[in-house]
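Presented below is the structure to which this report refers.
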Amino acid sequence: MKVAMISLHTSPLEQPGVGDAGGMNVYVINTARQLARRGVEVDIYTRATRPSQGQVVEVEENLRVINIVAGPYEGLAKEELPTQLAAFAGGVLEYVRCREPLTYDVIHSHYWLSGQVGWLLRDLWAAPLIHTAHTLAAVKNAHRSDEDTPESEARRICEQQLVDNADLLVVNTEEETRDLVAHYDADADVVEIIPPGADTELFTPGTDRNTELSRRQLGIPLHAKVVAFVGRLQEFKGPQVLLRAAAELFERDPHRNLRILLCGGVSGASSSDTTYRDLAAELGISRRVRFLGPRPPEELVHVYQAADIVAMPSYNESFGLVAVEAQATGTPVVAARAGGLSIAVADGETGLLVDTHDASDWADALAALLDDDARRSAMGEAAVGHAARFSWAGAAERLESVYERALSEELSGCHQRNAGG
Ligand code: UDP
């Protein structure tokens, strides 16, 4: 089987945790790798952002990343990429045409920008389109904080077109299926639920020695308690909630030996390089907060191992890969009860779910675990087993069967386009 994956707005080879690169990049590269190991040939098409990338990157047997030039390498924000959809689709078509007889059995698009291109290719190639939204404008808008910028109606319309026209939709959780039905009137029969995974060979439980080494490497006092936030620094992911909760904990006990780590880089239009540093300064906790910048997975494992708790105060997550990765290293997670986090974290067993984004509720939840070593370490142990339920190999196996389903269901060949949105 040959699959054309489309990941237009961000390359799966980019460093995640900064800018537009995050869980989707990790999802695409890991499912693609595992599909390739199952013998599925995968080409991932993405927009070229550096001349040095080369057009074709052979990642491993059966897996290539193809960089398509569409617009300038630098200087286009994600919001401006709709202007490059035709150039990108044209680039993919030209690449394929010049390599005839290159053909694909299925197209799998990730995020709505790629979906729009996949929709066109599906008709031209008469191959089924499988679409994964990763996030949805209507859902983000329903959950965003008052300070966050709303997603555009134009994006929502494009997503509606994909829901109406893709052959199958892939989501992470049942809640996402419900969201697609409630907000986009999707037919639940074409929605397939495939939980994502975590690299449990890399993200392994830290022994006391690992934790000590990780802390030494990061320059964190061995006897401090550490709460880490890992992910893109933007309002929707809630780093501000953690900072405010930390400030409240220090207000309750100025001598509390606590450090906050923020691992990741700025993302999105609503925050700048200094947004969260300024907030930490304003809250008077700068000395207790460390900004680690984005880190590759091999280094991230040390951040998880150094932490007593990983906090995920997101307003919504389609899944929340960080929660699974942290638990795989034996670190309990305190997360917002939002989207996939309710599945990624077993409330009361491997961490805690918090119902609000209120600083005092978060301070309570963090204190409940920080101040109870026995409970926290029991949760850490349970977390490893919980995380083991999620694997990329399992996700790829299920994806392959979704591709087979799409192939076995008769395609009309000339789909009745529903272009309204
Ligand atoms: N990540 C990373 N380095 C960082 C911060 C994050 O590699 O400094 C990765 C992290 O390992 C995870 C992904 O980025 O796999 C974030 O995924 P998640 O689903 O938690 O959030 P999303 O980015 O999809 O909102």
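Quick note on numbering: the sequence shown equals residues 1 to 421 in full-length UniProt numbering.
Don't be surprised by glycine CBs; every beta carbon is placed ideally from N, CA and C.
Only a predicted model underlies this, so the values are computations on that prediction, with no experimental measurement involved.
In the DSSP assignment, find the unbroken beta strand (DSSP E) run with residue i in it and report its ends.
| i | result |
| --- | --- |
| residue 259 | 258-263 |
| residue 130 | 129-132 |
| residue 193 | 191-193 |
| residue 312 | 309-312 |
| residue 1 | Segment: none, residue 1 is in no beta strand (DSSP E) and carries neither H nor E. |
| residue 108 | 106-110 |
| residue 229 | 225-230 |
| residue 289 | 289-291 |
| residue 46 | 41-47 |
| residue 407 | Here residue 407 belongs to no beta strand (DSSP E); instead the alpha helix (DSSP H) covers 392-408. |
Quick check: residue i and residue j, are their CB atoms within less than 9 Å of each other?
| i | j | result |
| --- | --- | --- |
| residue 265 | residue 294 | yes |
| residue 195 | residue 319 | yes |
| residue 239 | residue 276 | yes |
| residue 168 | residue 3 | no |
| residue 227 | residue 311 | yes |
| residue 288 | residue 260 | yes |
| residue 203 | residue 328 | yes |
| residue 241 | residue 335 | no |
| residue 290 | residue 220 | yes |
| residue 325 | residue 378 | no |
| residue 91 | residue 70 | yes |
| residue 1 | residue 58 | no |
| residue 8 | residue 95 | no |
| residue 156 | residue 18 | no |
| residue 199 | residue 297 | yes |
CB-CB under 7 Å to residue i, same chain, minus the five flanking residues each way: which ones, in chain order?
| i | result |
| --- | --- |
| residue 256 | 249, 250 |
| residue 188 | 177, 181 |
| residue 118 | 6, 107, 109, 129, 131 |
| residue 212 | 222 |
| residue 317 | 338, 339, 340, 341 |
| residue 429 | Residue 429 falls outside the range modelled here, since the chain spans only 1 to 421, and no answer is possible. |
| residue 345 | 323, 333, 335, 351, 353 |
| residue 75 | none |
Excluding the five sequence neighbours on either side, which residues of its own chain have a C-beta within less than 8 Å of the C-beta of residue i, listed in chain order?
| i | result |
| --- | --- |
| residue 283 | 243, 244, 246, 247 |
| residue 413 | Confidence at residue 413 is low in this model, with a pLDDT of 45, below 50, so the placement of that residue is unreliable and no value is reported for it. |
| residue 269 | 77, 79, 149 |
| residue 347 | 337, 353 |
Contact check, residue i vs residue j under 8 Å by CB: the rounded distance?
| i | j | result |
| --- | --- | --- |
| residue 50 | residue 68 | Not confirmed; about 13 Å, so no contact. |
| residue 134 | residue 214 | The pair is not a contact, with the Cβ atoms about 30 Å apart (cut-off 8 Å). |
| residue 234 | residue 267 | 5 Å |
| residue 81 | residue 124 | With a Cβ gap of about 21 Å, residue 81 and residue 124 do not count as contacting. |
| residue 116 | residue 85 | 5 Å |
| residue 11 | residue 357 | Contact doesn't hold; Cβ gap of about 32 Å is too wide. |
| residue 306 | residue 218 | 5 Å |
| residue 292 | residue 321 | So it is not a contact: roughly 18 Å between Cβ atoms. |
| residue 171 | residue 191 | 6 Å |
| residue 184 | residue 236 | That belief does not hold up - the Cβ atoms of residue 184 and residue 236 are roughly 20 Å apart, past 8 Å. |
| residue 382 | residue 409 | Between residue 409 and residue 382 the Cβ distance is about 41 Å, and since that is not below 8 Å, they are no contact. |
Considering residue i, what are the terminal residues of the alpha helix (DSSP H) in which it resides?
| i | result |
| --- | --- |
| residue 203 | First-last for residue 203: undefined, no H or E at that position. |
| residue 69 | Premise fails: residue 69 is in no alpha helix (DSSP H) and is neither H nor E. |
| residue 385 | 373-387 |
| residue 304 | 297-306 |
| residue 251 | 239-252 |
| residue 37 | 23-37 |
| residue 91 | 85-97 |
| residue 428 | Nothing can be reported for residue 428: it is not among the residues displayed for the chain, which extend from 1 to 421. |
| residue 59 | Counting along the chain, residue 59 falls outside any alpha helix (DSSP H), though it belongs to the beta strand (DSSP E) covering 56-60. |
| residue 186 | That residue, residue 186, is in no alpha helix (DSSP H); it is neither H nor E in DSSP. |
Excluding five sequence neighbours on each side, which residues of the same chain lie with their C-beta closer than 6 Å to the C-beta of residue i?
| i | result |
| --- | --- |
| residue 66 | 43, 45, 56 |
| residue 392 | 30, 34, 197 |
| residue 16 | 22, 25, 26 |
| residue 224 | 257, 259 |
| residue 352 | 334, 365 |
| residue 14 | 21, 25 |
| residue 404 | none |
| residue 103 | none |
| residue 420 | none |
| residue 173 | 340, 343 |
| residue 304 | 326, 329, 331 |
| residue 363 | 245, 248, 249 |
| residue 120 | 89 |
Beta carbon of residue i: closer than 8 Å to some heavy atom of ligand 3?
| i | result |
| --- | --- |
| residue 232 | This structure does not include ligand 3; its bound ligands are ligand 1. |
Cβ of residue i less than 9 Å from any chain B Cβ?
| i | result |
| --- | --- |
| residue 292 | The structure shown contains no chain B; it is built from a single protein chain. |
Contact the segment 18-38 vs the segment 387-404: 3+ CB pairs below 8 Å: Touching, yes, given that three or more Cβ pairs across the two stretches are closer than 8 Å.
Meets three-Cβ-pair contact criterion under 8 Å: the segment 158-167 and the segment 140-148: no
Any 3 or more C-beta pairs closer than 8 Å across the segment 205-223 and the segment 366-374: no
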